[in-house]
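Here's the structure we're looking at; comments come further down.
Residue numbers (full-length UniProt numbering): 1 to 121.
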């Protein structure tokens, strides 16, 4: 199992051809109190760079961009009732999607944890 990070402050943990996607603790801290999460439906396909959701906080709305091509296979339904979970456990229980990867080679364009820590300084 490997975890990758995007410049848009998302993490993606890969097991086989299924990846779990969420936002980083840094992103959650920057957003402040999350009040709503707009998510795609299972079965929807997307390409790298597509907007695949929106996180609204008391400060701002922030788009979620796909770090890779894929298809949503599962949506974390918990976030509809408890969007604040993103503040409590953004890199744990409050994942946003499970996706089926279309092109695993795209993971090479993402950062490892050390690269991400360097990005956020």
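C-beta atoms are modelled at their ideal positions from N, C-alpha and C, and glycine is treated no differently.
All values derive from a computational prediction rather than experimental measurement.
| Item | Value |
| --- | --- |
| Which value, in whole angstroms, describes the spacing of the CA atoms of residue 37 and residue 72? | 16 Å |
| To which residues of the same chain is residue 4 closer than 6 Å at the C-beta, ignoring the five residues directly before and after it? | 12, 107, 110 |
| Tell me which residues share the same chain as residue 47 and place their Cβ nearer than 7 Å to its Cβ, disregarding the 5 neighbours each side in the sequence. | 66, 69 |
| According to the neighbour-count rule (16 or more other Cβ atoms, all chains shown, within 10 Å of its Cβ), is residue 96 buried or exposed? | buried |
| Run through the DSSP bridge pairs and tell me what residue 125 is partnered with. | In the structure as shown, the chain begins at 1 and stops at 121. Residue 125 is therefore absent and cannot be evaluated. |
| My output table needs one value for residue 107: the three-state DSSP class, helix, strand or coil. | helix |
| Can you name the residues that DSSP bridges to residue 75? | 97 |
| What span of residues does the beta strand (DSSP E) with residue 38 cover, start to end? | 34 to 39 |
| Looking at C-alpha atoms only, which residue of 21, 2, 7 is the closest neighbour of residue 100? | 21 |
| Just to confirm the assignment, what range does the alpha helix (DSSP H) spanning residue 115 have? | 113 to 120 |
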